[in-house]
Amino acid sequence: MRTIRIGSRESRLAVVQSELVQKYLESQGVQAPIVTMKTTGDKILDRTLDQVGGKGLFVKELDAALLDGRSDISVHSLKDVPVEINSKLPLIGFSKREDPRDVLVLPMGRIR
Numbered sequence: 008m009r010t011i012r013i014g015s016r017e018s019r020l021a022v023v024q025s026e027l028v029q030k031y032l033e034s035q036g037v038q039a040p041i042v043t044m045k046t047t048g049d050k051i052l053d054r055t056l057d058q059v060g061g062k063g064l065f066v067k068e069l070d071a072a073l074l075d076g077r078s079d080i081s082v083h084s085l086k087d088v089p090v091e092i093n094s095k096l097p098l099i100g101f102s103k104r105e106d107p108r109d110v111l112v113l114p115m116g117r118i119r
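The numbering of the sequence shown is the working numbering, which starts it at 8 and goes up by one.
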């Protein structure tokens, strides 16, 4: 059986998104273990993204894992992908978009 290792951030949202891809691949007869990793963006919590390098901090380690062979594909939220894409790592597929109305918006200071 063919195996495709899926690189994913350790965040719960990233893992859930990766599990959706994993289920699809497995339904096609492909083993698809998820390889999770903590990204620089996950580690730096005391500063804003613009202070430490921008969106690419959430994909840098996943990109490195692809390039050095620790994973075969990565699953990202597009919100985490920088505008400039590494030509060695093209975006090649997109999952079906879920209902965009599935959000919760609250006024500032209302979450306790």
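By construction, the Cβ of each residue, glycine as well, lies at the ideal position given by its N, Cα and C atoms.
On a predicted model such as this, the values are computed, not experimentally measured, just so you know.
With a threshold of 16 other beta carbon atoms within 10 Å, Ile13 meets it and is buried. Put simply, of Ser34, Thr43, Glu33, Val37 the residue whose alpha carbon is nearest the alpha carbon of His83 is Thr43.
If you draw a 10 Å sphere on the C-beta of Leu113, you find fewer than 16 other C-beta atoms in it, and that means exposed. For Ser15, the secondary structure class from DSSP, reduced to helix, strand or coil, is strand. Around the beta carbon of Phe65, a 10 Å sphere encloses 16 or more other beta carbons of the protein chains shown; the residue is thus reported as buried.
Scanning its chain for C-beta atoms nearer than 8 Å, with the 5 sequence neighbours on each side dropped, one finds around Ala39 the residues Thr10, Ile11, Arg12, Ile13, Val28, Gln29, Leu32, Glu33, in chain order.
In the DSSP assignment, Leu69 falls within the alpha helix (DSSP H) that extends over 67-74.
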